[in-house]
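The numbers in UniProt numbering rise by one with no breaks, and the one at position 185 of the sequence shown is 185. Just so you know, even glycine gets a beta-carbon here, dropped at the ideal spot from N, CA and C.
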Amino acid sequence: MAIENIKIKELTVSLSGVIPVAAYENLRPGFSITAEPKDGQNPEEIIAELQQYLHAVFENESNRGKADLIDKQYANIRFREKDGKKYPSVTSILGWDKDWHITDDELRQYASRGTIMDTMITDFLVSNEWIDPTQFPSLREEVSVLMSGSLMLTWEQCSHKAFMAIYRKKIEAEKFHGTVFNDEALYSGEWDILGNYDGVRSVMDIKHGQFDMRQLAAYAICEKDIEQL
C-alpha cells in the first residue's frame, strides 16, 4: 500500500499481548512508540522497523516474566542479566532439584574453602608460587569462616599442590573468570580458566569436590574454538 501526496508528521505503532506464564497470573504488557519521519523516508519501512523493535521489547518482557516466576517458585535458581534479559546460571540449572542435606552454616564453610582454593590456584598460575591464604586481604572473611567452623575444614586438605606438581607445565592460562551468555538457549555462566591444556584450546574449571562436565560443556559452547574440557 502506497501513501502519496500526504504529509505525515508522525507515526505511532502499538503492541500488546498476553504472557500466560508469569509470577502474577497472566501478564498483559502493552507498548507504544512514536516516530517523526524525515524527508524522503518510506512510512511503511518506518512502521516495519518500529514493529520489529516493539516485538523485541515484548520478547524481553516475556523473558522477564518467566524468569520472575522461576525466581519466585525456585529460590535456588540464580540469574544474570544482560540487555534487559534474565539468564539462569548453568550451575543453577544443573542443580535446581538437588536436596542439600547440610545446614546453611556448613554450606558456607564449603563455599569459603572453594573461594580460598580458587584464589590460591589462580594466583599460582600467574606467579608460580604458593601464597598462604592468610596473606590475601580479600580472603580474611573466608579464612575466618574455616578457622572457626564446626567442620574443621582447611585448604591443606585439598590436593592442589600435588596436582600442580604433575600438571602445571601443561596449563597455559590466558584469562581467568569470564562470564558467558548463550542467547539461543538462554543461560549464563562463569568459567574459571580459558587457555590451552597440553597444547589444546580448553576451558577449565577449578574444583575441589565433585564436578559435572555438562557445566564446562555449556561454557565451551559459548566460546570460540574450544576443543577440550
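Secondary structure at Ala-185: coil, using DSSP grouped into helix, strand and coil. Classified as exposed, Tyr-167 has fewer than 16 neighbouring CB atoms from the shown chains inside 10 Å of its CB. For Met-164, there is no enclosing beta strand (DSSP E); the enclosing alpha helix (DSSP H) covers residues 160–167. In the DSSP annotation of this structure, the continuous segment of the alpha helix (DSSP H) that includes Thr-122 starts and ends at 104–127. In this structure, Ala-185 sits away from Val-203, with a CB-CB distance that is not shorter than 8 Å. In the same chain as Ile-121, and ignoring 5 residues on each side of it, the C-beta atoms closer than 7 Å to its own belong to His-160 and Ile-206, in chain order.
Nearest neighbour of Leu-54 by Cα position, chosen from Gly-40, Asn-42 and Thr-34, turns out to be Thr-34. Ile-46 and Glu-10 have their C-alpha atoms some 10 Å from each other.
Taken through DSSP and simplified to helix, strand or coil, Ile-33 comes out as strand. Burial check for Ile-116: the Cβ neighbour count within 10 Å reaches 16 or more, so the residue is buried. Taking a contact to require three or more Cβ pairs closer than 8 Å, the segment 133–150 and the segment 100–114 qualify as touching. Here the alpha carbons of Phe-211 and Ala-162 stand approximately 19 Å from one another. Just measuring C-alpha positions, the residue of Arg-78, Ser-32 and Gln-135 sitting nearest Val-13 is Ser-32. Between the segment 132–147 and the segment 170–177, the count of Cβ pairs shorter than 8 Å is below three; the stretches do not touch.
Contact annotation, Asn-60 with Gly-84: C-beta distance approximately 5 Å; criterion of less than 8 Å satisfied. Under the 10 Å beta carbon count, Lys-38 is surrounded by fewer than 16 other beta carbons and is classified as exposed. For Asp-225, same chain residues with a beta-carbon under 6 Å away, outside a window of 5 residues either side, are Arg-201 in chain order. Tyr-197 is not a Cβ neighbour of Pro-88, given a cutoff of 8 Å. In the DSSP assignment, Met-152 falls outside any beta strand (DSSP E), carrying neither H nor E. Put simply, the backbone Cα of Trp-191 is about 11 Å away from that of Cys-222. For the pair Arg-113 and His-208, the CB atoms are nearer than the 8 Å cut-off.
When DSSP states are grouped into helix, strand and coil, His-208 belongs to the coil group.
Here the C-alpha atom of Glu-36 lies approximately 30 Å from the C-alpha atom of Lys-82.
Boundaries for Glu-227: no beta strand (DSSP E) harbours it, and the DSSP string shows neither H nor E there.
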